[in-house]
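**Student:** My questions all concern the structure below.
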Amino acid sequence: LINLLFGPQWQNAIDATKALGVWSMLTCLIFYSRALLFTLHAEKSLFFSRFFLLAVLVVSITSLTDYGLTYISYSFILIGFLDLLITTYLLNHYISLSFIEYLLSIKKSLTITLICGLISYIVRDMTTPEQHLTNFCLYMAVLAPTWLIFIYALKHPLSDQITKLSKLVIKR
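Laid out in structure tokens, this is it:
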């Protein structure tokens, strides 16, 4: 997709972008947790955890600068995992929500993510890097229906919203 949208000059950024995608997914897992912790008056704990994560990020970026952009992006994955661990610890401390309970509460989303991730790795092996538009169309032709099928097969909460939205669109 990067080559399709921005051209071959961005080829070197693809690995870094993939790593940032992993960091983004990890961040999404705990996105609303910070707001919850604020409402529980855990500002001090959040401040120190964010400060610690920033310090680790700065040290990892400066120590990996000589190795290139891809290795620097891996430091974001490290921060994502540390943030997940620290935030789940804080959630356990403040509201007694264990990591396992949290994972069980999002198991449908995790299952769909893992299935789509596995399929995208399989599709990647079937594509050639030079055919950007063909690759994009192949990914969309395979991943969009897979995602939709598993949303309904697992009775994910999004299935109700997709049904409502499709009924609105069909009425118009």
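Adding 1477 to a residue's 1-based position in the sequence shown gives its number in the working numbering. Note that the Cβ used here is the ideal one computed from N, Cα and C, for glycine as well. Source: prediction; values computed, not measured.
Can you say whether W1487 is buried or exposed, counting buried as having 16 or more other CB atoms within 10 angstroms of its CB?
**Tutor:** With fewer than 16 Cβ atoms within 10 Å of its Cβ, W1487 is classed as exposed.
**Student:** Buried or exposed for T1565, please, with buried defined as at least 16 other CB atoms from any protein chain shown within 10 angstroms of its CB.
**Tutor:** Result: buried.
**Student:** Please classify N1612 as buried or exposed, where buried requires at least 16 other C-beta atoms within 10 Å of its C-beta.
**Tutor:** Per the 10 Å Cβ criterion, buried.
**Student:** Would you check if the distance between the CB atom of V1499 and the CB atom of I1554 is smaller than 7 Å?
**Tutor:** Yes. Within cutoff.
**Student:** Alpha carbon to alpha carbon, what distance is there between E1578 and H1570?
**Tutor:** Cα-Cα distance, rounded: 14 Å.
**Student:** So the candidates are T1640, D1560, G1594, P1634; which of them puts its Cα closest to the Cα of F1529?
**Tutor:** For F1529, the nearest C-alpha among the options comes from D1560.
**Student:** Report the CB separation of L1523 from L1514 in whole angstroms; it is logged as a contact under 8 Å.
**Tutor:** About 6 Å separates the two Cβ atoms, so the contact holds.
**Student:** Rounded to a whole number of angstroms, what is the C-alpha to C-alpha distance between L1574 and S1582?
**Tutor:** Cα-Cα distance, rounded: 10 Å.
**Student:** Please say whether S1552 and I1538 have beta carbons closer to each other than 7 Å?
**Tutor:** Cβ atoms of I1538 and S1552: closer than 7 Å.
**Student:** Under the rule that 16 or more other beta-carbon atoms within 10 Å means buried, what is L1642, buried or exposed?
**Tutor:** It counts as exposed.
**Student:** Could you tell me the alpha carbon to alpha carbon distance between T1494 and I1596, rounded to whole angstroms?
**Tutor:** Answer to the nearest angstrom: the Cα atoms are 19 Å apart.
**Student:** Pick helix, strand or coil for S1575, following the three-state DSSP scheme.
**Tutor:** It is coil, neither helix nor strand.
**Student:** Please classify H1609: does DSSP put it in a helix, a strand, or coil?
**Tutor:** H1609 falls in the helix class under three-state DSSP.
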